[in-house]
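Numbering (my numbering), first residue to last: 7 to 289.
One structure below.
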Ligand code: SF4
């Protein structure tokens with residue numbers, strides 16, 4: 007089954023493919039909405055997801071100029087959200103001089119043919135006056151992910167790579183320098199322990215080859231028929247909604263054991279590409 011003509015890759019869909027090819031097939035090709043929960047207890051998990059979404063909204067509103075006092079009032083009534091919000095105000099992680107681009111979406115062609123696109127919606131990009139390009143990503147997971155786990159996530163590769171490819175549009179048409187791009191994960195529950203990754207030309211070259219190879223693998227599988235390979239790593243199945251469909255169990259994993267996942271919806275995958283609005287680049 008071929009990819010839908012309007013399909014665009016995101017860090018989330020590529021991460022799904024790396025985690026399990028069958029999950030990618032079910033979610034993006036067959037578009038099966040399987041009636042299972044991602045993690046238990048359901049209500050607690052849903053509440054945590056909602057808190058995370060509200061936190062992102064508060065920060066976004068703050069970055070576009072809504073007074074902090076008004077937003078603080080909105081955060082009251084939820085102890086977790088209020089604590090995250092206060093931590094954000096105290097740490098002021100985004101208080102860098104320069105141009106701020108909250109919730110900005112970028113897109114660029116991906117793959118040899120250039121038919122497919124890579125898209126990302128960033129929590130915040132700051133172009134500083136001294137030539138740095140800083141990507142911020144707000145994390146609200148219960149556990150603070152270690153550096154080695156983050157380093158392996160597609161997000162850590164896709165976001166700087168795409169900013170390098172498409173970020174010139176934010177920079178008055180001037181290209182960004184790979185070794186001046188950095189990505190900062192800022193954890194609302196661990197405000198004193200952000201994680202910073204500095205990009206480089208060598209990493210950009212490696213990432214380009216890696217992303218192209220993933221797209222080639224997906225295109226090869228999509229050109230064939232049948233069931234795509236199920237992951238041999240059954241720990242992936244604990245928090246996958248397709249577990250009963252795949253005969254990989256019927257009980258959702260516990261949020262207590264959910265390592266560093268924050269179960270955020272993949273906002274990149276839901277972006278409707280409007281090329282009038284999206285900063286993009288042609289190779
Ligand atoms: S349940 Fe496991 S094998 Fe099936 S799609 Fe999910 S991760 Fe893949």
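Every residue, glycine too, gets a C-beta built ideally from N, C-alpha and C.
Beta-carbon spacing of residue i, residue j below 8 Å
i, j, result
"residue 17", "residue 160", "yes"
"residue 91", "residue 78", "yes"
"residue 216", "residue 189", "no"
"residue 108", "residue 69", "yes"
"residue 167", "residue 210", "yes"
"residue 150", "residue 199", "yes"
"residue 162", "residue 203", "yes"
"residue 6", "residue 81", "Because the chain here runs from 7 to 289, residue 6 falls outside it and cannot be looked at."
"residue 142", "residue 197", "no"
"residue 15", "residue 176", "no"
"residue 28", "residue 233", "yes"
"residue 155", "residue 194", "no"
Burial state of residue i, where buried means 16 or more other Cβ atoms lie within 10 Å
i, result
"residue 26", "buried"
"residue 170", "buried"
"residue 219", "exposed"
"residue 207", "exposed"
"residue 54", "buried"
"residue 37", "exposed"
Residue range of the unbroken alpha helix (DSSP H) whose run includes residue i
i, result
"residue 221", "207-228"
"residue 38", "Per DSSP, residue 38 belongs to no alpha helix (DSSP H) and is neither H nor E."
"residue 22", "17-25"
"residue 76", "74-81"
"residue 94", "85-97"
"residue 165", "160-172"
"residue 53", "48-69"
Cutoff 6 Å; reference residue i; Cβ partners in own chain excluding five residues on either side
i, result
"residue 251", "40"
"residue 7", "35"
"residue 30", "22, 23"
"residue 205", "166, 184, 187"
7 Å CB neighbourhood of residue i in its chain, flanking five on each side removed
i, result
"residue 134", "102, 103, 104, 140"
"residue 64", "77, 80, 81, 91"
"residue 254", "240, 243"
"residue 191", "143, 145, 156, 200, 201"
8 Å Cβ shell around residue i - same chain, five flanking residues per side excluded
i, result
"residue 229", "8"
"residue 20", "160, 164, 217, 220"
"residue 67", "77"
"residue 116", "15, 122, 123, 124, 217, 218, 221"
"residue 75", "none"
Residue i: first and last residue of the uninterrupted beta strand (DSSP E) it sits in
i, result
"residue 125", "122-134"
"residue 115", "104-116"
"residue 140", "139-145"
"residue 7", "Unbroken run through residue 7: none, as it is neither H nor E."
"residue 191", "187-193"
"residue 203", "201-204"
Neighbour flag for residue i against chain B, beta carbons, 8 Å
i, result
"residue 185", "Within the model displayed, chain B is absent; a lone protein chain is all it includes."
Which residues are close to the ligand SF4, meaning CB closer than 7 Å to any heavy atom, in chain order?
25, 26, 28, 29, 32, 236, 237, 240, 242, 243, 246, 248, 249, 251, 252, 254
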